[in-house]
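This report concerns only the one structure given below.
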């Protein structure tokens, strides 16, 4: 890129790549840490005092809600960490989670673009949310917010979140409201989505067809409790030599003490629901290479998954009840470990029917 160029990128640990001009900082995800907080503070400082002839190019992908740790005035990193922990365990949908996050941040929910005004702000987005709503992806730091602080308080009540008192008090003040579509500070902001889950599913469908498989594409907007979605998918009756594809973002309500993300939980529930039905294979993985906060992208199941587990003395139902799908698949040797893929278009699931 010709001319003066400076900037800062925040990504999760292990996901940085060499860059000649732009500094890259690694921070924690899905629960923010001090490095993410300091990076967000530096980023905000870079946006202050810009002019009309300045250009701010924002590259946004899923995970930004945690990586851009920027508590609202009067709140702390500890408050933001506690909000994230409770949301991740609540079973709330991503739109609900990010509604609450936006109203507790000094940069999310359009506030980053407002801070950069009067500079032009151009945002390129890799979408990891069902429906590809720019206001939801990474909690929409450069996009006007349609939700309100009353919506955020309703989510707290809906999931019976026990948030720190300063958090609730802040949500009850006008300062918690986010910039809306008519805010003049957003007049010079534009957004373009450059990659989506639907495109990844279409590419997978093309590959399956080239391999002589029939394809049933359920789409990229599947949400809901991971284990319940799996039970629904187990009932799908597709023709032999078919592939059933789906994307989206399921949730997990954590009641146990085990390890695992939504994709491994989905697969363990799917294996149980399928029983020893022959000819069913499945894979589920997060496209960024990390399912939740563990080392795996996801896992896979085969028609003999339960039989092999039983031979090892593993009680699949007990592991599911303890939200311990990671350990279950690790003992079977069926974890999918890719390392960082350097993209993020949400979850990918495929069920092969022979």
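Residue numbers (the working numbering): -19 to 334.
Note that beta-carbon positions come from the ideal geometry of N, C-alpha and C, so glycine has one too.
In this text, all values refer to a predicted model and were calculated from it rather than measured experimentally.
query                                                                                                                        : result
Residue closest to residue 50, alpha-carbon to alpha-carbon, out of 69, 20, 28                                               : 20
Nearest residue (CA-CA) to residue 270, options -5, 171, -18                                                                 : -5
Among 127, 331, 325, nearest to residue 107 - alpha-carbon criterion                                                         : 325
Contact set for residue 261: own chain, Cβ-Cβ below 6 Å, skip 5 residues either direction                                    : 282, 332
Contact between the stretch 312 to 322 and the stretch 24 to 40 (3+ Cβ pairs under 8 Å)                                      : no
Residue from 236, 265, 66 with nearest C-alpha to residue 137                                                                : 66
Inter-residue spacing [alpha-carbon to alpha-carbon] between residue 230 and residue 11                                      : 18 Å
Start-to-end residues for the beta strand (DSSP E) that takes in residue 172                                                 : 169 to 175
Nonlocal neighbours in the same chain, by C-beta distance under 7 Å from residue 248, ignoring five residues either side     : 296, 299, 300, 305, 308
Close-in-space but distant-in-sequence residues of the same chain around residue 188 (CB under 7 Å, 5 per side omitted)      : 195, 223
Status (buried if at least 16 other CB within 10 Å, exposed otherwise) for residue 215                                       : exposed
Inter-residue CB distance, residue 339 and residue 163 (contact presumed, cutoff 8 Å)                                        : Outside the displayed span of the chain (-19 to 334) sits residue 339, for which this structure offers no information.
Residues of its chain near residue 279, where Cβ-Cβ distance is below 6 Å and the 5 sequence neighbours each way are ignored : 244, 247, 309, 314, 315, 316
Spatial neighbours of residue 264 in its chain, beta-carbon cut-off 6 Å, leaving aside the 5 residues before and after       : 243, 246, 247, 278, 329
Residue 205 and residue 73 closer than 7 Å at C-beta                                                                         : no
6 Å Cβ shell around residue -15 - same chain, five flanking residues per side excluded                                       : 1
For residue 328, the first and last residue of its enclosing beta strand (DSSP E)                                            : 327 to 333
Anticipated Cβ contact below 8 Å, residue 23 with residue -12, distance rounded                                              : 5 Å
DSSP beta-bridge partners of residue -18                                                                                     : None; residue -18 has no bridge partner.
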